[in-house]
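Single-structure report; data block below.
Numbering (our numbering), first residue to last: 98 to 489.
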């Protein structure tokens, strides 16, 4: 079966093209339940009652009713919008085999509307508020869910979040791949704890949302060929709250001010080591060297991460730079994003990573390894390690 997963468990399936077909069938059932006489949805045709219309411009109006089809969206009478959302709606993304559907209403959800939905097999799970709207589910057997229906107000924050996040993943394969890496990482560690699995993705999703608001329609810097998701201990994700985010550096004065306010004493050579990340839009964020990279990034994905050694002079400069981050395990070529951020801020730098690191995950035991002396062998189980980066 293409859909169905026991409640509270986490199991990811490779993306299945039949999920789109199942969504189409469910959308038809919803439209009929919500008041249309009969609506058949295919790529080009809508049938209302005895009227059949071939769609050229994807929109047809019959009497006072209107049905618009655009990709995953179905609009009925201007009052109802239905969209395929969640991971099953993003080609190439692994997902829990449960369809997520967003149903947007122009007016408040009423008891008669809930009755129409329960009449076609939905179970009312109540209003989840800002966590996705009013939830109704379908089950193939008790506790085995096949569909999550999220009923929201059209255009509200829940609706916008569903649309923005889905569309960002569809438009940006590196971002999609980073999200896939995070999902696999969390699923492997939390197979029986879906609430924690869901909560642990919050930082990633919020980072994408913030970036999308700053730079729609593409929340990722245009020259980004790879986006890094967090792959470290899950416990640290819960502590990666926005109040612990790194300090943004857009100019040399930002760095000088941060150093003055921190008051950290440099080493005898006048140097101070900092934690850094470069966020999705290419901003440099810095924090105390004892800060976790995932906290510096508020739990979100990054373009680069590592450590900087700052020479504390009247005009501070970067004396050393590395990609040392076992939480994100970035490749040395992430330097290009760090370099671009430093250049924009007019902060002098060495022109390269002075201490490049190479990370590989052991396919056998899952251990994160730092490659030393070009020796690609796991430190724990001595299994051979791949030559190519493998945290995706």
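Glycine included, C-beta positions come from ideal geometry on N, C-alpha and C. Here the structure is a predicted model, which means the values were calculated and not measured.
Within the same chain, and ignoring the five residues on either side of residue 462 in sequence, the residues whose Cβ sits closer than 8 Å to its Cβ are 475, 477, 478 and 480. Measuring C-alpha to C-alpha distances from residue 403 to each of 466, 315, 188 and 418 identifies 418 as the nearest. Beta-bridge analysis with DSSP links residue 417 to 406. When C-alpha distances from residue 110 are compared across 369, 280 and 320, the shortest belongs to 280. With 16 or more other CB atoms across the displayed protein chains lying within 10 angstroms of its CB, residue 395 is buried.
Beta-bridge partners assigned by DSSP to residue 445: none are found.
For residue 390, the uninterrupted alpha helix (DSSP H) run begins and ends at 390–393, by DSSP. Listed as beta-bridge partners of residue 223 by DSSP are 232. By the CB criterion at 8 Å, residue 318 and residue 232 fall outside the cutoff. Burial state of residue 380 is buried, judged by a 10 Å Cβ sphere holding 16 or more other Cβ atoms. For residue 305, the enclosing alpha helix (DSSP H) covers residues 299–311. Residue 205 has its alpha-carbon roughly 17 Å from the corresponding atom of residue 222. No Cβ-Cβ contact shorter than 8 Å links residue 300 with residue 356. Per DSSP, reduced to three states, the secondary structure at residue 432 is helical. Within the segment 338–388, the complete beta strand (DSSP E) segments at least 3 residues long are 344–346, 368–375 and 381–385, listed from N- to C-terminus. Residue pairing from DSSP places residue 197 in a beta bridge opposite 182 and 245. The C-alpha of residue 203 is placed about 6 Å away from the C-alpha of residue 250. When beta bridges are read from the DSSP output, residue 452 appears opposite 419.
For residue 467, there is no enclosing alpha helix (DSSP H); the residue is part of the beta strand (DSSP E) that begins and ends at 465–467. The DSSP-derived three-state label of residue 270 is helix. Distances from the alpha-carbon of residue 271 to those of 287, 368, 294 and 326 put 326 closest. Between residue 244 and residue 200, the gap from beta carbon to beta carbon reaches 8 Å or more. The continuous alpha helix (DSSP H) containing residue 116 extends over residues 115–130. Residue 471 is bridged by DSSP to nothing; it lacks a bridge partner. Taking C-beta separations shorter than 8 Å and ignoring five residues to either side along the sequence, the partners of residue 447 in its chain run 415, 416, 417 and 418, following chain order. Taking all protein chains shown into account, residue 227 has fewer than 16 neighbouring C-beta atoms within 10 Å of its C-beta and is therefore exposed. According to DSSP, residue 481 shares a beta bridge with 474.
Scanning 103, 207, 216 and 196 for the CA closest to the CA of residue 129 turns up 216. Counting C-beta pairs closer than 8 Å gives three or more between the segment 108–123 and the segment 188–198, which meets the contact rule.
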